[in-house]
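What follows is one structure encoded as structure tokens, with my remarks underneath.
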Amino acid sequence: GCGVREGAQRRCPKCHGSGMEVRLHQLGPSMIQQIQTVCSQCQGQGEWIRPRDCCLACNGRKVVREKKILSVHLDKGMKDGQKITFHEEGDQVPGLEPGDIIIVLEQKEHPTFLRRGDDLLLRRQISLADALCGCRQLVRTLDNRTLLLCSQPGDIIRPGDMKCVPNEGMPVYRSPFQKGKLILQFEV
């Protein structure tokens, strides 16, 4: 809005609508200093409003404080640091474009899994007997399924070895039917 009732807005008499006051200050003979400051009457707006003509909702400021609820949609597979932007939903000031609201995602750490891109890393401690003779591992996934992972007897697992389970990692962003890998890293 304009902050006042219709027709009550006037050009500031002190700055003549420029929003700036110019003062001359004589420093000495033949020396004059010109000082330009923001108008003390209109605060640089160039308009002067009598208090009785001000809008009751905004008190003549041309903006009102308003709360707005924005719905944030998170897509599967979004990553740490990814941004969601609401264009022109930020604060508004008369004569300027409204700002953007930018939400930056921060990934919460998981006690069991470590995310690396679209892959999930799971460190598992196994005994020497299991490493030499084969083992069966039950893994509970993030979506509460249980996977049975087996290594064959004679397939020796060394410390630091990794086994990959395709399509059991994180969803790939904007590819609803693709998933990363679940990577098991064994510590013997």
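For the sequence shown, the UniProt record's numbering begins at 1 and goes up steadily by one.
In this text, a Cβ means the ideal position worked out from N, Cα and C, and glycines have one as well.
On a predicted model such as this, the values are computed, not experimentally measured, just so you know.
Proximal residues to residue 136 (C-beta, below 6 Å), its chain only, five neighbours per side dropped: 150
Unbroken alpha helix (DSSP H) run spanning residue 55, endpoints: Here residue 55 belongs to no alpha helix (DSSP H), and DSSP marks it neither H nor E.
Sub-8 Å separation of residue 160 and residue 119 beta-carbons: no
N-terminal and C-terminal residue of the alpha helix (DSSP H) that residue 122 is part of: Premise fails: residue 122 lies in the beta strand (DSSP E), 119-125, not in any alpha helix (DSSP H).
Rounded distance between the beta-carbons of residue 138 and residue 122, thought under 8 Å: At roughly 12 Å, the Cβ-Cβ gap does not stay under 8 Å, so residue 122 and residue 138 are not in contact.
Exposure label - residue 114; buried when at least 16 CB within 10 Å: exposed
Residues sharing a beta bridge with residue 116, DSSP: 119
Alpha-carbon spacing of residue 101 relative to residue 19, whole angstroms: 30 Å
From 134, 145 and 171, residue whose alpha carbon lies closest to that of residue 157: 134
For residue 38, the nearest candidate out of 162, 26, 175 and 22 (CA to CA): 22
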